[in-house]
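Following: one structure in structure tokens, then a few remarks.
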Amino acid sequence: MTGPTGSGTSLQFAQTSATLAIPLDGTETVVLAIVQNAAANNRVKVDVSMQSNVILSSGNQRLDLRMRLYRDGVLLTEYRSESNFAGNDGNQRFIICSTYVDTPLAGVHTYQLRVAVITATNVSSVTVETRAMNNLITTFS
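Read left to right, the sequence shown gives residues 1 to 141 (our numbering).
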């Protein structure tokens, strides 16, 4: 008995814990990127996670944050985190995780994780802390 034949799977990953400030004006910020080679009939399973720190001011706070996954500048999917806080000032941390399966054309592709703050009411700052992206490439027929 033999195992599977062909190119099998490959894994590429990126991770950093360097703190990165995110503008509060809706501007997208690239927080992580991976360059991925893909052959014909490849699927790329992209796992992403991101920890954010929000510093709140007094009053009724609201935050609408978007985490977006792009391939070669084309939006693949968007994850939305909307929070209404209980009026306490200070720090709030939260983590967003997701998985997306892409079927790109053969070639070299750049996957980017971008973040944008859409609404920030009584929010002093938003930073991205630890974030990671794993790309697992498999072949299908």
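Where a beta carbon is used, it is the ideal one built from N, C-alpha and C, also for glycine.
Which residue from the options puts its Cα closest to that of residue i?
| i | options | result |
| --- | --- | --- |
| residue 61 | 128, 121, 114 and 139 | 121 |
| residue 101 | 86, 138 and 73 | 138 |
| residue 107 | 37, 24, 41 and 18 | 37 |
| residue 133 | 30, 103, 94 and 126 | 30 |
| residue 128 | 35, 24, 75 and 45 | 24 |
| residue 104 | 70, 86 and 89 | 70 |
| residue 27 | 13, 83 and 126 | 126 |
| residue 82 | 117, 72, 74 and 88 | 117 |
| residue 20 | 32, 13 and 9 | 32 |
| residue 84 | 68, 76, 72 and 123 | 123 |
| residue 13 | 44, 59, 39 and 22 | 44 |
| residue 76 | 113, 18 and 16 | 113 |
Return the first residue and the last residue of the beta strand (DSSP E) that residue i is part of.
| i | result |
| --- | --- |
| residue 33 | 29-38 |
| residue 15 | 10-16 |
| residue 112 | 107-121 |
| residue 20 | 20-22 |
Provide the residue(s) that pair with residue i in DSSP beta bridges, ordered along the chain.
| i | result |
| --- | --- |
| residue 147 | What the structure shows of the chain is the stretch from 1 to 141, and residue 147 is not part of that stretch, so it cannot be assessed. |
| residue 96 | 50 |
| residue 83 | 63 |
| residue 90 | 56 |
| residue 135 | 12 and 46 |
| residue 102 | 44 |
| residue 130 | Partner(s): none; residue 130 has no beta bridge. |
| residue 125 | 55 |
List the whole-angstrom C-beta distance separating residue i from residue j, where the pair is believed to meet the contact cut-off of C-beta under 8 Å.
| i | j | result |
| --- | --- | --- |
| residue 115 | residue 80 | Residue 115 to residue 80, Cβ: 11 Å. No contact. |
| residue 63 | residue 119 | 7 Å |
| residue 54 | residue 135 | With 8 Å as the limit, residue 54 and residue 135 do not qualify as a contact, their Cβ atoms being about 28 Å apart. |
Query - Three CB pairs or more closer than 8 Å across the stretch 42-53 and the stretch 88-103 - result: yes
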